Each structure stands twice: as C-alpha cells, then as structure tokens.
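Worksheet: the structure to be examined is printed underneath.
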Amino acid sequence: MIHQSLRLILIGLLFLLSNSYLAAQTNTQQGTQGAEGVQGSGMTQERAIQELQKRGYTPQQIQQLQQQYQNQLESGKSSPVESNYDPEEATEREVPDAEETSSIDENLARGERLPQYERIYGQDLFARGNLTFAPNMNMPTPRNYVLGPGDEILIDIWGNSELNLRYKIVPDGHITVPGLGRLQLSGLTVEQAESRIRKEFASIYSDLDTPQPGTFLAISVGNVRTIKVNVMGEVARPGTYTLSSFASAFHALYAAGGINRIGSLRNIRVFRDGKTVATIDVYDYLMKGDNSADISLRDGDIVKVDPYGILAQITGEVKRPMWYEMLEHETLDDLIRYAGNFSSKAYTENLTLHRKDDNANVAFTVNFTQYPYFHLKNGDQVRVEPILSLFTNVVEIEGAVFRPGEYAISDRLKTVRDLVSIAQGTTGDAFLQRALLYRLNPDLTYSLIAVDLAAILEGSIPDIELVNNDRLVVPSVLRLDTDASVYIGGEVKSPGSYPYAESMKLQDVILRAGGFKEGSSTARIDVYRRIKDPQSTTVSEKSSLAYSFSLNEGLSIADSDFLLEPFDQIVVRRSPGYEEQQNVTITGEVLFGGQYAKLQKDERLSSLVERAGGLTPYAYVKGARLTRRLTETEQQQAREALKLKLEADITKKEDTASLQEQLAQVDLSSRPVGIDLEKALKNPGGPDDIVLRDGDILRIPEFESTVRISGGVLYPNTVTFKKNKKLDYYIKQAGGYSRLAQKRNPYVVYMNGQVASGRWARIEPGCEIIVPERPEREPMSLQGILGLSTSLATIALVITNLLK
Numbered sequence: 000m001i002h003q004s005l006r007l008i009l010i011g012l013l014f015l016l017s018n019s020y021l022a023a024q025t026n027t028q029q030g031t032q033g034a035e036g037v038q039g040s041g042m043t044q045e046r047a048i049q050e051l052q053k054r055g056y057t058p059q060q061i062q063q064l065q066q067q068y069q070n071q072l073e074s075g076k077s078s079p080v081e082s083n084y085d086p087e088e089a090t091e092r093e094v095p096d097a098e099e100t101s102s103i104d105e106n107l108a109r110g111e112r113l114p115q116y117e118r119i120y121g122q123d124l125f126a127r128g129n130l131t132f133a134p135n136m137n138m139p140t141p142r143n144y145v146l147g148p149g150d151e152i153l154i155d156i157w158g159n160s161e162l163n164l165r166y167k168i169v170p171d172g173h174i175t176v177p178g179l180g181r182l183q184l185s186g187l188t189v190e191q192a193e194s195r196i197r198k199e200f201a202s203i204y205s206d207l208d209t210p211q212p213g214t215f216l217a218i219s220v221g222n223v224r225t226i227k228v229n230v231m232g233e234v235a236r237p238g239t240y241t242l243s244s245f246a247s248a249f250h251a252l253y254a255a256g257g258i259n260r261i262g263s264l265r266n267i268r269v270f271r272d273g274k275t276v277a278t279i280d281v282y283d284y285l286m287k288g289d290n291s292a293d294i295s296l297r298d299g300d301i302v303k304v305d306p307y308g309i310l311a312q313i314t315g316e317v318k319r320p321m322w323y324e325m326l327e328h329e330t331l332d333d334l335i336r337y338a339g340n341f342s343s344k345a346y347t348e349n350l351t352l353h354r355k356d357d358n359a360n361v362a363f364t365v366n367f368t369q370y371p372y373f374h375l376k377n378g379d380q381v382r383v384e385p386i387l388s389l390f391t392n393v394v395e396i397e398g399a400v401f402r403p404g405e406y407a408i409s410d411r412l413k414t415v416r417d418l419v420s421i422a423q424g425t426t427g428d429a430f431l432q433r434a435l436l437y438r439l440n441p442d443l444t445y446s447l448i449a450v451d452l453a454a455i456l457e458g459s460i461p462d463i464e465l466v467n468n469d470r471l472v473v474p475s476v477l478r479l480d481t482d483a484s485v486y487i488g489g490e491v492k493s494p495g496s497y498p499y500a501e502s503m504k505l506q507d508v509i510l511r512a513g514g515f516k517e518g519s520s521t522a523r524i525d526v527y528r529r530i531k532d533p534q535s536t537t538v539s540e541k542s543s544l545a546y547s548f549s550l551n552e553g554l555s556i557a558d559s560d561f562l563l564e565p566f567d568q569i570v571v572r573r574s575p576g577y578e579e580q581q582n583v584t585i586t587g588e589v590l591f592g593g594q595y596a597k598l599q600k601d602e603r604l605s606s607l608v609e610r611a612g613g614l615t616p617y618a619y620v621k622g623a624r625l626t627r628r629l630t631e632t633e634q635q636q637a638r639e640a641l642k643l644k645l646e647a648d649i650t651k652k653e654d655t656a657s658l659q660e661q662l663a664q665v666d667l668s669s670r671p672v673g674i675d676l677e678k679a680l681k682n683p684g685g686p687d688d689i690v691l692r693d694g695d696i697l698r699i700p701e702f703e704s705t706v707r708i709s710g711g712v713l714y715p716n717t718v719t720f721k722k723n724k725k726l727d728y729y730i731k732q733a734g735g736y737s738r739l740a741q742k743r744n745p746y747v748v749y750m751n752g753q754v755a756s757g758r759w760a761r762i763e764p765g766c767e768i769i770v771p772e773r774p775e776r777e778p779m780s781l782q783g784i785l786g787l788s789t790s791l792a793t794i795a796l797v798i799t800n801l802l803k
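Numbering that gives the first Met the number 0 numbers the first residue of the sequence shown as 0 and each following residue consecutively.
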C-alpha cells in the first residue's frame, strides 16, 4: 500500500510540473527515480492522498492517475522518454571475455627451456599470462571512442531537471528516444554523439543549450560492444577473436597466443577496410615504453604478423646476450644498444662477427669506429670478448710480510725495496736470504729471479726495478719446515693433527685435543718419534723412537723437561679398568621383564631369568628365543654370505638386476640364536647356558598348541599339535606334498630358533614345518630339441668312425 501511495504522489507531482505531455512524462521518469527517497521519508498512504489533494487533485483524478500508472506497469511500458536505466544496478562495464590462451606455441614453450643467449628478444611477450594487455574497462570512455551497434549509452541530466537514461545502439546504428525519434549514433565519437544528443534534448529543456544553462547533460558508455578481429600470419593460433571494442592490437596478439618462432616483432600491420592503418614495432614498446602504435581495434580489423627479416645474435660481455630482430637500416651499433650495451668486462675496441655466406662462413673484425655504419644480415653472430685479466701497472707481494697484496706501480713504488716498504715490511719469520721474484715474459711464461732480500734492504747490493705483473714471494721459516705438526690419537675428545709450536709439551697437545675421554688411561701415554739424521750415510735399524709417560694430578709428568718435536705421534691408551654398561632385555612370561645391565662379563641366560624374578606359570620354556644384535663385521659377513646364496639361486640373466634390490630389503642388523632355555635353567653354567652379549633380547612366550605347515604342500595350514604324531601326519593335514616338493628334505623350525631336518624330526608345539620346493623347469624349445638332436647325431657319427 505504501508503494501505491508513493506512486500516486509522484504521478501527481509530475502532472503539476508539466508544461507539455513530453515534459510531463519526462518528469514522471524523474519522480520514479526519486521514489526511493520519498519512501525513505516514511510518508503513509493517507499523507500521500492529502498531498495530492493540496495540489488540487480531485478523487477521480487521483484514481485515474493510479489506474494509468498500474496499466503502464502491467504492459511493461514506461514514460515516453523510455530508459532501461536502474540506479540500483552496478554501473561498471561488463568486460567481454577474450578467448582463453590455454596453450602456447610449442616452439615458444621449447624456447623457454633454451639458455638466454639462444632466445629471441621479446618473442614471448604476448605468450605470458601475467601481461595480457587487456583494456581497462573502469576508466572513463575516451572522447574519441567511436560508437557502434551494441554499445550502451548512458545519458545523465542534472540541474533544474534530473534524469538518467540508458539506451543500447541497435544493429542499424541508432537509438530511439520517445518524443524525439531515432538518433543515429553509430560511427560518431563520444564527443560528437554528446553534441548531437544535447541539441535534440534542448527542444525539451529550454535552459540546456543556452549561454547560462540551468540544466546540464553528459553521456558515457556503459557496457561496451564486442568486435571480431582477425589475427593472421605468424602467430601461435591464427583465427577470428571476439574482443572488447576497447581492445588494442597487443591484446589481440595475446589472445592469439603470441608470436611464433618465425614471426616478426618489428613489422606487425593493422588493416582496416583494405588499408594499412598502423605498423607496430614492438621494440619501441620494449626499449622505450612507447605504445603509441598500439591502436584501438575496430570490428573487422585484421592484425597481420609477417615473418622476420633479419635476426642477429650477440653474445659474450653484453648485459642481455640474445638474438635480436633487426630492420634493414639498423647497424651493429643498434644491436649493441638493444643488448643493453657492453658489460664492465667487455673489450670494445674490436668485435668479431661471423656471417653465413652462400657457400661458407665468413668472419669480420669490426673496429669500434665502424659500429654505426656496419649493417647486419640475417644469421649474423657477434661475440664480445672480455678484456685481458692482466693489469698494466700492478705488482704483487705475498708471503712473510705484514700487508701482502697487489699494489700499483707509481712514483712511490718502483723497486723491490719500495714494494717491501709499502707492504709494511717483513715479519719475524721471513727468510730474507732468498726471496723469489716471478716475472711475466712476453710469451706469457714466467721466469724466476732469486733475490737476496736481506742484502737489498741493507743496501749492500743494487735494488731491482719492478715491471708490470711482477710477483715477489717472501718465504717463511716456519713454512720452510714443511708445515710441521704433531698428531694425537686414542682416548681424547678431538684426535687429529695440530700445528707444531716451539717448546710444545705433551700437556699442551692434550689440552688442544679437548682433554681426555672418560675411558682414557693416565697411567700409559705413548709418544712415537720419527728418525731424523740428515748426515746419515747408512740405513737405520730402527723405524721410530718410543717414549711412555704417566700423568699425575694437574696433567704433570715426571719428565717435565720433555719437549715435543715436529711430527711426533701421541697415543692415549684406554684404561683397562673402564667398562661401559652392557644392556640386555628379557620380555614375555617373567615376573619383572625389561632391560637389565650385565653385572658380570660372563653373565648367562639362567642369571638373567633369575634377576627377572623367574618364570610365570604360563611360560613355555622350550619356546624361549634369543635375538642377537650383530656387529658391523658380522653384518658384513652376513651380507656377503647372502649375496653368494642369491647369486647361486639366480637362473635367469635378467634376474641379476634385482640382486641389489633383494639385498637392500633384507634386515641384517640382528639374527636369532638357537637356545634351549630348559636345559640352561636345569644346568646353570653348562654348555646350554650361553653367555649374553650387549643388545641381546630374550623372549619367553606362552604355550602355543599349534603347528604351522608351509612350503611345498598343497594347502599351507596351521593345525593343532598332537602328541606323538609324526611329520607325515601334519603333511597330510596340509593336503600332502605339492608337485615340486622335495619330499626327502623337510625341516622343522622350533620356537626357540633351533632347526631340525629330515622326515623323522620331532614335532613340538609352536614349531613350523617347511617343505622346500625345487625350481620349475622350463620346457625345452623346438630349437633346443633340434640342437640336441644334431649334437647326438654328431657324437654317433664320431663313434661310428672310431669303430671302423
């Protein structure tokens, strides 16, 4: 009801303000646009009727207006100045979707995997998803935008009168405004269309087109039309594409997947009505940021990409080594500029250029003065070499000086004495009687000059003048001693070699090695010294000298004057009174299972069971099993034995490849040990009561009343143990022997890890009967049969000849 009253009020107000039928209907449209504001004022139906009555409306007129408005709503008609504009709708333009570039040319994809210097500069510009060149649909419509069928025109009127209209240009290029007729807009720019619409609407709004207007008008483009553009030539996917009318040539190239491997970046043409309207050089955009040639497209335009004309490559010391497309008039200087110019290491005086002639390759050496005039041809390759690593004014000093390094020849530095002086002099360990001066020869080899540096510094012999790239080496007395060191090993925290120092003692090296380990012995430390007699003329009977020491509190030794010499070897022994805990584990049917530390080196099975509180009433002693952790040596031996067994079992050559894989799958870190715990407990210390080892795990199970049968039987099975039943009884419980069963070689694995073989092996609860199987023999092929027959015939012939 409130909506109906508001509509009545608005209709009445529009009638009061109208001077003509068209103006009245136009203002009705204004009132309709203001309905939301009136409703927000909270006016009731009675108030609306009162407002119309104040304006002089009779009840019959109010009813007539209400009926007229209702008829217009039901027939879908609006006011004579018809519009489909709704202020509650979003005013952003709809962006026509360009066709997805779901794939890129295979050559381009392959080009991305090439090194940079083998790629063509700019060729992948339009094939990357993060640079689409899509038009910005939220910016104001350019004033020079040419309207066409499908464009939506928004007309805004404000001032003394307010009105918002929306029209869509129909296929023949016009819009129809009730009361004004058809307005032809297709082919006009936005600016021209606004001028024409203002002129037509001036007949309705008298103060619209006057020197001092009170009503104002502006137009804009809402949802833009789509256009169809043909992209031809050397692109990834030539074809016809539907784009926004704001789209440019670059966006069309993106929609077509970009330029292919032979496409030109310098000669892209846009045809319109059979004429070339633009020629695009992508390098202007890439090098200068100039996109002025990227014109907006129109319906029916053709974007044509020609094959490239000239490709030239530049590599080496430039900032961007790649292939570049060149124009006919461009030169080597332009190629260098495209490559970002030379790097800091480039030799720029001359360049070497390789060119493929009709019959062979031709090389050119181009001087820097010719760069602006040397024209390039397709396939030219230019290499920019680095400058030489040599210096023109540098000498070097190293060794026993305070500031070794490179120095420049100058007025302050001309001679050897000057070089030593500028390096802050020699250090205390310098061997001055013979320094070495390396000098570079013209053929790039070095010659060596022995220098009595002490005499030069004293001035007793003439100084030596330096030349470029000279290198002076001042030896060190310590280094002449062959980098002397001492070695310490055994029970110290950081065993290894340490630099020898004068007056070094045994305690010094022990401290340098981080001190003793927990198990070290201070009662026995050995020092071994090499035999050194430079004046000897006979072979020594001894290979080394040996010294033994014991350390007291505070790392003191009885022979406090003993000094180490270079290359001495120190060995810190392990204390015989040190023993780390060795742990064993017992689980299963004992009172206090878990981990125990061995109390005696020869602790046995019976002792461990006793310490664990003894067996429970449910323990099955015969099934007790011991698992032992193998040492590194034992693991290696087990691995070699398994390898030999697997190699012996291989019957096919192709199975050899899986040998290492089979070895890797086998766990060789531990293995079971067959025990008889029942005998061990009855006779502690006897042969069955074996000595435990670190890491052993003793498992005592509950009684198990079943027997498992597996291997070469028809139905591998688990059956109930029957006392006094033999092996054949259990084989029958598994369906009997299979076709490949080795009936004479069955064996029984008991729960305690022991194994018995033969058909008369005893059967105990929890054991497993295993029947081995022989390998399946492959039937002899026809070729094998023929070969065997031939061999037999040959043997028979030989025997017959021998009997004659």
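Ideal Cβ positions, reconstructed from N, Cα and C, are used throughout, including at glycine.
Remember, predicted model here, so these are calculated numbers, not experimental data.
How about residue i and residue j: are their beta carbons less than 8 Å apart?
i, j, result
"S185", "L146", "yes"
"N467", "I408", "yes"
"N266", "E233", "no"
"I524", "S543", "no"
"R319", "R297", "no"
"N349", "V361", "no"
"V583", "Y595", "yes"
"V665", "R627", "no"
"L604", "A483", "no"
"T330", "F367", "no"
"M503", "R624", "no"
"A512", "K492", "yes"
"I463", "L443", "no"
In three-state terms, what does DSSP make of residue i?
i, result
"I152", "strand"
"P371", "helix"
"N800", "helix"
"R411", "coil"
"Y144", "coil"
"F245", "coil"
"T789", "helix"
"T100", "With a pLDDT of 42 at T100, under the threshold of 50, the predicted position of this residue should be treated as unreliable, and no value is reported."
"G178", "coil"
"I794", "helix"
"R433", "coil"
"T632", "helix"
"F341", "strand"
Leaving out five residues before and five after residue i in sequence, what residues of the same chain have Cβ atoms less than 7 Å from its Cβ?
i, result
"G398", "V472, V473, P474, S475"
"P148", "I168, V169, P170, G172, S185, R224"
"L207", "R197, F200, A201, T214, L216"
Considering only DSSP beta bridges, list what residue i is partnered with.
i, result
"V754", "V748"
"V485", "Y497"
"F363", "L352"
"H173", "Q183"
"I267", "I279, V304"
"G673", "Per DSSP, none; premise fails for G673."
"K742", "Paired residue(s): none; K742 is not in a bridge."
"K227", "T241"
Near residue i, which residues of its chain fall below 6 Å by C-beta distance, leaving aside the five closest residues on each side in sequence?
i, result
"Y546", "V526"
"N229", "T239, I301"
"L452", "L431, A434"
"S295", "S247"
"D688", "R603, L604, S605, A679"
"P403", "I396, E397"
"A454", "I460"
"P565", "A483, Y499"
Once the 5 residues before and after residue i are set aside, which same chain residues still bring their CB inside 8 Å of it?
i, result
"G734", "V712, L713, Y714, N716"
"Y729", "V706, I708, V718, I762, I768"
Please determine whether the Cβ atom of residue i lies at a distance below 7 Å from any heavy atom of the ligand MG.
i, result
"K504", "No copy of the ligand MG occurs in the structure displayed, which carries no ligand at all."
Q) Are three or more beta carbon pairs between the stretch 410-423 and the stretch 376-385 nearer than 8 Å? A) no
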